[in-house]
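Novice: Pasting in a structure now, in structure tokens, and then I'll have a few things to ask.
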Amino acid sequence: MKKIALLSFAILLSFTIAAQEPTDTIKKPKIGLVLSGGGAKGLAHIGVLKVLEEAGIKPDIITGTSMGAIIGGLYAIGYSAEQLSTINTYADWNILLSDHLALDKIIMEEKYESRRYIVRIPIRNYKFKLPSGVIEGQQLENFFSSLTWPLPIQENFNNLSIPFHCMAVDLISGKTIEFESGDLVESIRASMSIPSIFSPQIIDTLLLVDGGVTKNFPVQQAIDMGADIIIGVYVGFEENVTQEDLFSLSEVLSRSTVIGGINDSREQMKKVDLLILPKLEEFSSADFVKAKKIELEGEMSAREKYDEIKKLADSLKVKEKHIERLYKKDSIKLNRIIVENPRFIKDDFVIGQSKLKEGDYIARSDVNKSIDRIYGTQYFSKVSYKLNKQTDQSYDLIFKIKERTRAFLNVGLRYDNQQGAGANINLTLRNYLIPSSHVLASFNFAENPAFRFELNKYIGNKLKHINYYFVNWYNDKLPFYFEGNDMGTYNRNYFDLGLGFKHSFTLNQQLGINFRFKKDRISPHQNLKTYMSVPNLEKYTIESWVYNAYYCLNTTDELYFPKKGVKLDFKYNYHFNPTAYYKKSDNLPITEELFTLDVKPYATHLFNANYYYSPFQFATLNIGATVSVTSDNNNLSSYSLIGGLHNDIRTNYIPFAGLSFGELATSNVAIIKSGINFKITSNIYLAVYGNIGFDANTRDDMITFIEKSSIKAYKTGYASGIRADLPIGPFQFLIGDNDFDGNVRWYFSLGFPF
0 MKKIALLSFA ILLSFTIAAQ EPTDTIKKPK IGLVLSGGGA KGLAHIGVLK
50 VLEEAGIKPD IITGTSMGAI IGGLYAIGYS AEQLSTINTY ADWNILLSDH
100 LALDKIIMEE KYESRRYIVR IPIRNYKFKL PSGVIEGQQL ENFFSSLTWP
150 LPIQENFNNL SIPFHCMAVD LISGKTIEFE SGDLVESIRA SMSIPSIFSP
200 QIIDTLLLVD GGVTKNFPVQ QAIDMGADII IGVYVGFEEN VTQEDLFSLS
250 EVLSRSTVIG GINDSREQMK KVDLLILPKL EEFSSADFVK AKKIELEGEM
300 SAREKYDEIK KLADSLKVKE KHIERLYKKD SIKLNRIIVE NPRFIKDDFV
350 IGQSKLKEGD YIARSDVNKS IDRIYGTQYF SKVSYKLNKQ TDQSYDLIFK
400 IKERTRAFLN VGLRYDNQQG AGANINLTLR NYLIPSSHVL ASFNFAENPA
450 FRFELNKYIG NKLKHINYYF VNWYNDKLPF YFEGNDMGTY NRNYFDLGLG
500 FKHSFTLNQQ LGINFRFKKD RISPHQNLKT YMSVPNLEKY TIESWVYNAY
550 YCLNTTDELY FPKKGVKLDF KYNYHFNPTA YYKKSDNLPI TEELFTLDVK
600 PYATHLFNAN YYYSPFQFAT LNIGATVSVT SDNNNLSSYS LIGGLHNDIR
650 TNYIPFAGLS FGELATSNVA IIKSGINFKI TSNIYLAVYG NIGFDANTRD
700 DMITFIEKSS IKAYKTGYAS GIRADLPIGP FQFLIGDNDF DGNVRWYFSL
750 GFPF
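If you read the sequence shown in numbering that gives the first Met the number 0, its first letter stands for residue 0, the second for the next number, and so on.
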């Protein structure tokens, strides 16, 4: 305050001495605003800015680090404190602080794999390598790009509405980097790359992390830019830390990383004229869910010093400065599209996916959609962009891509009371064996083991045409019920392999055909052999060649807990040249009709539809239908297995609340289903499901049933309980029942299904 008082006196004296001089020769002191880093606690800067504006102070210079760089950078290009507050109100930090992309923006081949594993380990040069950070910053960086649209690359950040610099650290040289020019979004993103949380930002030859490592409170930088008076807002690292506060490994590593920045901040505080220290002891740097409370704490702390702030404003005789947003126009002319940092993927692929054309006028929304399309291919760990303004007022659009590691080992765990425990080990290869390819091989080490292999070879730049090759195998232990009574168990061993072609009309709809060989083997256990009077049957096998055609549409926004969208599947299979044979323990004949050797060609048709809708934020409705119809020449291999509440892709399995997994085997079935999920917390739901349907031996029987049967003849089932979206996978605990046997079933599962 002494410095402010002296400056105030000097200013008054200068006005007196210069009374006879032109007023434009009088140089007024420049106010520098310094905003520290602090993660979520940095949102307090917004509240401080509100009070500064109220007092009439608009800084002449801004410097910032990490969250201070974000708030300071946006303020420097013309956002008001109120506008920043609105952004803070509506920003979904859970999404922004992740690399999550809604399911409807991911290509078909990747939708089912988008959330299936707990651990993803990159493989580079045949060695396992942990990622450089938990978060790449895909959503956050493109959020900033939208907020600054269409701000181009700057030759000097001093030319912004308010001159602005931000800080980062180069991991290679160990030097502190002060950003004075370039792409503003890229600079801000580098400044907030918290080590081990965010992957480092690569700019030219620099590998950049959070400036808070060495320079969390860049006061000297503001002075060097010409600031005469410094207003500092510090929300950084805790000063009064004890041994108990540094108990865990993560706490020790975090503190060790920023110890240099802590010591430097203490020195920088000595240079501040008006220091504001928001009271944020109850908040952590990760408390983004408390964003508005933190902003309010910043405002209250600034109001405690309002008299000092107002006195400074009055002494400088500041007048209200209205700062216009830079580059507010929405539509720009696209000059060129440039792809930066390609390695294994061609420029044409990226440009083709963007669906943008040089010479067209494009809006911010067009670029955002193109970014989602490119990122949705899952070939990239991050896709961002920057703009370079040309002399003719058009813009070069520069896509900056970071290609995903081409090989990953993925692990998922699962326990299901109806299918047992299992570990899903997956190897995923992109552009690894052959160009423009995606290979996955998954093995489920479980009580009910399974294997899945698929190779997709993309044709053309837009990923619309795909040749694919596949192998599927699983071995399931299943119950056999008769009139609600558990009669025994059997094993179903299924295998198929084939090849096909598919065409993607859009990200969310696809048409395909394939040709495959199928082998289906039933092995009854001793308890079932006695009931079915086949004590000598060991194995019954049906083999066939199959033509398949399908159409699928999936606009849902999430794999396990969708809140909106439609999912449709149409499948037609024609099984030709089927053969059946069995293995017996003796030479006695098999008289059970189910195990006939007289099998004929047959066709199956499957229709499945689900519609999800959230009329309120706390509730999601689901209605749907499943119909499976088989030609009259059906056999045991054509049967649908009905029951359970599961989310996997095994052939012929259809969920039905009120039945156990695969409990009912039937050749023809029609089901109408509905459900509702009530949100209890952000990731816990109260779930209620119901379904009604019937099964029949033939298609004619289905028609007759519909025409003549009363509603009481239909099978109904229902289930209710708790579901949760957990980091280790979806969880459910549900109790089910039905109206035809009265036996309660329960469904407990935790983890990602195979």
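Every residue gets a Cβ at the ideal spot worked out from N, C-alpha and C, and that includes glycine.
Answer with buried or exposed for Val668, where buried requires no fewer than 16 other C-beta atoms within 10 angstroms of its C-beta.
Specialist: For the purposes of this step, residue 668 is taken as the residue at position 669 of the sequence shown. Buried.
Novice: If the criterion is Cβ atoms closer than 9 Å, does the pair Ala39 and Gly210 meet it?
Specialist: What you label residue 39 is simply residue 40 of the sequence shown in a count that begins at 1. What you label residue 210 is simply residue 211 of the sequence shown in a count that begins at 1. For Ala39 and Gly210, no; Cβs fall outside 9 Å.
Novice: State the start and end residues of the unbroken beta strand (DSSP E) segment that holds Gln200.
Specialist: As a working mapping, residue 200 is identified with position 201 in the sequence shown. Per DSSP, Gln200 belongs to the beta strand (DSSP E) from Gln200 to Ile202.
Novice: Using the Cα positions of Glu154 and Asp182, report the straight-line distance between them to the nearest angstrom.
Specialist: In the sequence shown, counting from the first residue as 1, residue 154 sits at position 155. In the sequence shown, counting from the first residue as 1, residue 182 sits at position 183. Cα to Cα, Glu154 sits roughly 9 Å from Asp182.
Novice: What whole-angstrom Cβ distance do Lys401 and Ser435 have, given they're in contact under 8 Å?
Specialist: Here residue 401 refers to the residue found at position 402 of the sequence shown. Here residue 435 refers to the residue found at position 436 of the sequence shown. Between Ser435 and Lys401 the Cβ distance is about 19 Å, and since that is not below 8 Å, they are no contact.
Novice: Would you mind reading off the limits of the beta strand (DSSP E) that contains Lys401?
Specialist: For the purposes of this step, residue 401 is taken as the residue at position 402 of the sequence shown. Counting along the chain, the beta strand (DSSP E) containing Lys401 begins and ends at Tyr394 to Glu402.
Novice: Could you tell me which uninterrupted beta strand (DSSP E) segments, each at least 3 residues in length, are contained entirely in the region 336-422, listed from first to last along the chain?
Specialist: 379-388, 394-402 and 406-415
Novice: Are the Cβ atoms of Asp415 and Phe660 separated by less than 9 Å?
Specialist: The residue you call residue 415 lines up with position 416 of the sequence shown. The residue you call residue 660 lines up with position 661 of the sequence shown. Their beta carbons are under 9 Å apart, which means Asp415 touches Phe660 by this criterion.
Novice: Which two residues bound the contiguous alpha helix (DSSP H) that contains Met701?
Specialist: One-based indexing of the sequence shown puts residue 701 at position 702. In the DSSP assignment, Met701 falls within the unbroken alpha helix (DSSP H) covering Arg698 to Lys707.
Novice: Could you check if Glu592 is buried or exposed, using at least 16 other CB atoms within 10 Å of its CB as the buried criterion?
Specialist: Along the sequence shown, read from residue 1 onward, the residue named residue 592 stands at position 593. Under this definition Glu592 is an exposed residue.
Novice: For a test of the three-state rule: what should DSSP assign to Ser190, helix, strand or coil?
Specialist: Taking the sequence shown and counting its residues from 1, the one referred to as residue 190 is at position 191. Three-state DSSP puts Ser190 in a helix.
Novice: With a 10 Å radius around its C-beta and 16 neighbouring C-beta atoms as the bar for buried, classify Val47 as buried or exposed.
Specialist: One-based indexing of the sequence shown puts residue 47 at position 48. Classification of Val47: buried, given that the 10 Å Cβ count is 16 or more.
Novice: State the beta-bridge partners of Ser522 as determined by DSSP.
Specialist: The residue given as residue 522 occupies position 523 in the sequence shown. Ser522 is bridged to Asn490.
Novice: Report, in whole angstroms, the separation of the C-beta atoms of Ile171 and Phe407, which I expect to be a contact under 8 Å.
Specialist: Position 172 of the sequence shown, counted from the start, is the residue given in the question as residue 171. Position 408 of the sequence shown, counted from the start, is the residue given in the question as residue 407. The pair is not a contact, with the Cβ atoms about 26 Å apart (cut-off 8 Å).
Novice: From which residue to which residue does the beta strand (DSSP E) around Glu537 run?
Specialist: Locating residue 537 in the sequence shown gives position 538, where the first residue counts as 1. Counting along the chain, the beta strand (DSSP E) containing Glu537 begins and ends at Leu536 to Asn553.
Novice: Rounded to whole angstroms, what is the Cα-Cα separation between Leu558 and Leu150?
Specialist: Your numbering for residue 558 matches position 559 in the sequence shown. Your numbering for residue 150 matches position 151 in the sequence shown. Cα-Cα distance, rounded: 36 Å.
Novice: Count the other C-beta atoms from every protein chain shown that fall within 10 angstroms of the C-beta of Ile458, then say buried if there are 16 or more, exposed otherwise.
Specialist: If you number the sequence shown from 1, residue 458 lands on position 459. Ile458 is exposed by the Cβ-count criterion.
Novice: On the criterion of 16 or more Cβ atoms from any shown chain inside 10 Å, does Thr529 qualify as buried, or is it exposed?
Specialist: Within the sequence shown, the letter at position 530 stands for residue 529. So Thr529 ends up on the exposed side.
Novice: To the nearest angstrom, how far is it from the Cα of Glu109 to the Cα of Leu439?
Specialist: Locating residue 109 in the sequence shown gives position 110, counting from the first residue. Locating residue 439 in the sequence shown gives position 440, counting from the first residue. Cα to Cα, the separation comes out at about 10 Å.
Novice: Spatial neighbours of Leu96 within its chain, please: C-beta separation below 7 Å, excluding the five flanking residues on both sides.
Specialist: Reading the sequence shown from its first residue, position 97 is the one you call residue 96. Here the set comprises Ile134, Leu139 and Phe287.
Novice: Just how far apart, CA to CA, sit Ala618 and Ile275?
Specialist: Along the sequence shown, read from residue 1 onward, the residue named residue 618 stands at position 619. Along the sequence shown, read from residue 1 onward, the residue named residue 275 stands at position 276. Near 43 Å, if we compare the C-alpha coordinates of Ile275 and Ala618.
Novice: If I follow the unbroken alpha helix (DSSP H) through Ser673, where does it start and stop?
Specialist: On the sequence shown, residue 673 is found 674 positions in, with the first residue counted as 1. Here Ser673 belongs to no alpha helix (DSSP H); instead the beta strand (DSSP E) covers Asn667 to Lys678.
Novice: Ignore the nearest five residues each way along the sequence and tell me which others in Lys399's own chain have a CB closer than 7 Å to its CB.
Specialist: As a first step, residue 399 is located in the sequence shown; it is residue number 400 there, counting from the start. Only Glu339, Asn340, Ser383, Tyr384 and Lys385 meet the Cβ criterion.
Novice: If I follow the unbroken alpha helix (DSSP H) through Lys310, where does it start and stop?
Specialist: Walking along the sequence shown from the start, residue 310 turns up at place 311. Looking at the DSSP string, the run of the alpha helix (DSSP H) that includes Lys310 is Tyr305 to Ser314.
Novice: Could you pull the start and end residues of the beta strand (DSSP E) that Ile683 belongs to?
Specialist: Taking the first residue of the sequence shown as position 1, residue 683 is located at position 684. Taken as a continuous stretch (DSSP letters only), the beta strand (DSSP E) holding Ile683 covers Ile683 to Ala695.
Novice: So what's Thr64 in DSSP terms, helix, strand or just coil?
Specialist: Against the sequence shown, residue 64 aligns to sequence position 65. For Thr64, the secondary structure class from DSSP, reduced to helix, strand or coil, is strand.
Novice: Please report the straight-line C-alpha distance between Lys599 and Asp519, rounded to a whole angstrom.
Specialist: Within the sequence shown, the letter at position 600 stands for residue 599. Within the sequence shown, the letter at position 520 stands for residue 519. Their Cα atoms are separated by approximately 15 Å.
Novice: Is Gly55 helix, strand or coil by DSSP?
Specialist: Taking the sequence shown and counting its residues from 1, one reaches residue 55 at position 56. Correct three-state label for Gly55: coil.
Novice: Taking 9 Å as the cut-off, decide whether the C-beta atoms of Ala695 and Ser666 are in contact.
Specialist: On the sequence shown, position 696 is the one that residue 695 refers to. On the sequence shown, position 667 is the one that residue 666 refers to. Contact flag set, yes.
Novice: Check whether the region 218-231 touches the region 192-209, counting contact only when three or more Cβ pairs, one atom from each stretch, lie closer than 8 Å.
Specialist: no
Novice: Any contact of the region 608-624 with the region 634-643, i.e. 3+ C-beta pairs under 8 Å?
Specialist: By the Cβ rule, the region 608-624 does not count as touching the region 634-643, because fewer than three pairs are nearer than 8 Å.
Novice: Mind checking which residues open and close the beta strand (DSSP E) that includes Lys292?
Specialist: Residue mapping note: residue 292 aligns to position 293 of the sequence shown, counting from 1. Unbroken run through Lys292 is the alpha helix (DSSP H), Ala290 to Arg302; no beta strand (DSSP E).
Novice: Can you tell which of Thr703, Asn553, Ala656 and Phe693 has the C-alpha that lies nearest to the C-alpha of Phe747?
Specialist: As a first step, residue 747 must be located in the sequence shown, where it is residue number 748. Comparing Cα-Cα distances from Phe747 to each of Thr703, Asn553, Ala656 and Phe693, the minimum goes to Ala656.
Novice: Taking 6 Å as the limit between beta carbons, can you name the residues of its chain near Ser144, skipping five residues before and five after?
Specialist: Counting from 1 along the sequence shown, the entry for residue 144 is found at position 145. Taken in chain order, the residues that qualify are Val184.
Novice: Distance, Cα to Cα, Leu644 vs Arg491?
Specialist: The sequence position of residue 644 within the sequence shown is 645, counting from 1. The sequence position of residue 491 within the sequence shown is 492, counting from 1. Each residue's Cα considered, the two are about 19 Å apart.
Novice: Assuming Asn513 and Asn547 form a contact by the criterion Cβ under 8 Å, report the distance between their Cβ atoms to the nearest whole angstrom.
Specialist: Indexing the sequence shown from 1 puts residue 513 at position 514. Indexing the sequence shown from 1 puts residue 547 at position 548. Yes, Asn513 and Asn547 are in contact; Cβ-Cβ is about 5 Å, under 8 Å.
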